[in-house]
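Contents: one structure, followed by commentary.
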Amino acid sequence: MNLLRDFIDKPFIKVITGLRRCGKSVLLMMLRDELINKGIDENNIIYLNFESFEFSEIDDSNKLYLFLRSKMSNKKQYYILLDEIQEVKSWEKSINSLRVDFNADIYLTGSNSKLLSSELATYLAGRYVEIPVYTLSFAEYLLFRHEYAPGETEEIYAEFENFLRKGGFPAIHTGNYSSETTYKAIYDIYSSAILRDTVQRYGIRDVELLERVVKYVFDNIGNSFSAKNVADYFKSQNRKIDLNTVYNYLNALEGAFIIYRIPRYDIKGKELLKTNEKYFVGDQSLLYAVMGFKDRLISGVLENIVMLDLKRRGFKVFVGKSGEKEIDFIGEKAGYKIYVQVTYKMTEQSTIDREFSPLLDIKDNHPKYVVSMDETWKDNIEGIQHMHIADFLLKD
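Numbered per the working numbering, the sequence shown spans residues 4 to 399.
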């Protein structure tokens, strides 16, 4: 909300993107309330949700333009809030016309990263700003717990265990739901994203194969792999899939924010590597809702939580390569860097060596962390801090 607030009345179209049910609509409602509290006439705030049947007939750019034009006069300042705009065909044409023809401050949300496609860039080049929205951070989850479950909150590490399993979809934490109800709701979110934001939007015909690719990705959270690895796996299962199909499926899933692709960066060579990226999920609860609980996935899930937290903080995130060693995450933002190693437990000396060694090889002054589920911290080594993952997530 703070980032969105900074752009109120600025001459940019605000494009709010993120996974379904991550809180984009709530953000628009918060914006609407804030505008009213500032004294803006409610009649000058136009809110349309294109998932609502009320606006289902507004399905192309011409109808959208005509409808909004009928609600505005040329002289007044208007605030236009359009939710799930991707449901309107060629919407970018009408948005550009509204920007030119009226005194309007425009806010859009969408559940597909292709909102920022080449078509949009053509019409709105240099005139929009993307504001990514993610599911709840651990800090935000704790606020929800205090709001909706007063008196039931536990100590921080116990709360993190709950967050790890139930994830950050806001609606899940507005009631005291059983695990069965929670994962049913999360699976429904997943199914909606698969059907509406991948299958329908990209014209995918073999839904069963797509879901098998999803399960392969989810089963390999935290591992590097390539499209060829996916194709080879299916070949070993007597199911043929060509590389282009794998690429298309991964791009579609990424476009719907179901997964995130994190590229590898060669620290010594100072270049991005083009192969063996890592993929993570849009919220860790999706993995559990689809795959169930698997102990061997815990390290990957912890990495997933840290990756999302770095993104929420505005970092560009990479997997680091230093010679033959790997650093789980490098975060970069405005010349500032952070290095993070993530592991489940630090009970063995071999694990301690494995996690600290790549960071010790990096001879710069940027902060370096090893985070884990250990409640007893190891001594810092040459400035590298070891801390519980919950404390890292709550760190300013």
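Here a beta-carbon is modelled for each residue, glycine too, at the ideal position from N, C-alpha and C.
Quick check on residue i - is its C-beta less than 8 Å from some C-beta in chain C?
i: residue 249; result: Any reference to chain C falls outside this structure, which holds one protein chain only.
So, helix, strand or coil for residue i, using DSSP?
i: residue 390; result: strand
i: residue 185; result: helix
i: residue 3; result: Residue 3 lies beyond the residue range present for the chain, which begins at 4 and ends at 399; the question has no answer from this structure.
i: residue 52; result: strand
i: residue 107; result: strand
i: residue 175; result: helix
i: residue 266; result: strand
i: residue 364; result: coil
i: residue 258; result: helix
i: residue 384; result: strand
i: residue 356; result: helix
i: residue 125; result: helix
i: residue 12; result: coil
i: residue 74; result: helix
i: residue 96; result: helix
Could you compute how far the alpha carbon of residue i sits from the alpha carbon of residue j?
i: residue 317; j: residue 336; result: 7 Å
i: residue 340; j: residue 332; result: 10 Å
i: residue 23; j: residue 202; result: 15 Å
i: residue 282; j: residue 267; result: 11 Å
i: residue 213; j: residue 41; result: 47 Å
i: residue 29; j: residue 294; result: 29 Å
i: residue 327; j: residue 220; result: 24 Å
i: residue 17; j: residue 135; result: 10 Å
i: residue 89; j: residue 115; result: 8 Å
i: residue 139; j: residue 170; result: 8 Å
i: residue 233; j: residue 279; result: 11 Å
i: residue 93; j: residue 159; result: 47 Å
i: residue 141; j: residue 206; result: 36 Å
i: residue 288; j: residue 189; result: 7 Å
i: residue 237; j: residue 244; result: 7 Å
i: residue 183; j: residue 153; result: 22 Å
i: residue 9; j: residue 166; result: 30 Å
i: residue 59; j: residue 65; result: 14 Å
i: residue 38; j: residue 107; result: 14 Å
i: residue 386; j: residue 301; result: 27 Å
i: residue 44; j: residue 393; result: 43 Å
i: residue 55; j: residue 86; result: 10 Å
In the DSSP assignment, find the unbroken beta strand (DSSP E) run with residue i in it and report its ends.
i: residue 371; result: 371-375
i: residue 86; result: 81-86
i: residue 131; result: 131-135
i: residue 18; result: 16-20
Return the Cβ separation of residue i and residue j in integer angstroms, given the expectation that the two are a contact with Cβ distance under 8 Å.
i: residue 130; j: residue 296; result: Rounded, the Cβ-Cβ distance is 46 Å, inconsistent with contact.
i: residue 396; j: residue 347; result: The pair is not a contact, with the Cβ atoms about 15 Å apart (cut-off 8 Å).
i: residue 284; j: residue 307; result: 6 Å
i: residue 31; j: residue 110; result: 6 Å
i: residue 344; j: residue 355; result: Contact flag wrong, Cβ pair sits at about 11 Å.
i: residue 371; j: residue 349; result: That belief does not hold up - the Cβ atoms of residue 371 and residue 349 are roughly 15 Å apart, past 8 Å.
i: residue 128; j: residue 193; result: Their Cβ separation, rounded to whole angstroms, is 34 Å, which puts residue 128 and residue 193 out of contact at 8 Å.
i: residue 84; j: residue 137; result: Not a contact, Cβ separation roughly 20 Å.
i: residue 270; j: residue 303; result: Incorrect: roughly 22 Å between the Cβ atoms, too far for contact.
I'd like the span of the alpha helix (DSSP H) that includes residue i, first residue to last.
i: residue 151; result: 141-151
i: residue 160; result: 159-169
i: residue 33; result: 27-40
Flag residue i as yes when its Cβ comes closer than 7 Å to any non-hydrogen atom of the ligand FMN, and as no otherwise.
i: residue 182; result: Because no ligand of any kind appears in the structure shown, any question about the ligand FMN cannot be addressed here.
Could you tell me which whole beta strand (DSSP E) segments of length 3 or greater appear in the region 268-353? Unbroken beta strand (DSSP E) stretches of 3 residues or longer found wholly inside the region 268-353: 274-284, 319-325, 328-336 and 339-345, given in chain order.
List in chain order: all unbroken beta strand (DSSP E) runs of 3+ residues lying wholly within the region 184-238. None, since the region 184-238 contains no complete beta strand (DSSP E) of that length.
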